[in-house]
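Structure record follows, encoded as structure tokens.
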Amino acid sequence: MLFAGPAHDPNSIVRDASVYREYRAALADRTLSFADFLGREDLVLRSDLLRPWANWVTPEAELTRRYDTYFFVGALPEGQRADGENTESDRADWTLPQDAIDDFAAGRNILLPPTWTQLDALAGRTVADVLAVERTIVPVQPNLALQGDNWEIEFFDSDRYNQARRSGGFTAWPL
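Numbering (this note's numbering), first residue to last: 1 to 175.
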């Protein structure tokens, strides 16, 4: 999805983002910045169509990778489609948030805690409901605790997450 529109018509939005497919590799490997991409294509970011949703920070115990990730929500722009062509997922499909949570609890997929909590917060809400929510964004930085031979992640809703993880047959937290 591309939340951007022509610079000469800032209230418009790109309808077919697939025409920019050639830029994806350069954006992913950071040889092209998003700002430079927008400039080359005479586009402006439509951040007004996005709402801040959450902020997760990697646990301090994780020494090899550190992230400070912000999550945003937005309605799929008319004419665009989410194609799943990215470097962040092993598969992409449309599903209801609750169905993804249920699949995790049944062992049919893996959801890391930040994804699980976002889906849990979205479950049962319409797009209009979600976009109308006024949220206070507070960084969530879970803790990792060694319990026996396994790491357990601790955060505001970790009991529910870990129960679903175990019921799905995942005995260790997927690091």
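From the three backbone atoms N, C-alpha and C, an ideal C-beta is built for every residue, glycine too.
Here DSSP, grouped into helix, strand and coil, assigns TRP56 to strand.
A direct Cα-to-Cα measurement between VAL44 and ALA7 gives close to 5 Å. DSSP, read as helix, strand or coil, puts PHE71 in strand. Each residue's CA atom was taken as its position, placing ILE101 and LEU122 some 11 Å apart. Between the stretch 3-21 and the stretch 30-49 there are three or more C-beta pairs closer than 8 Å, enough to call the two in contact.
With a cutoff of 8 Å on beta-carbon distance, LEU131 and ALA75 are scored as near each other.
Here GLU154 is near PRO142, since their CB atoms are less than 8 Å apart.
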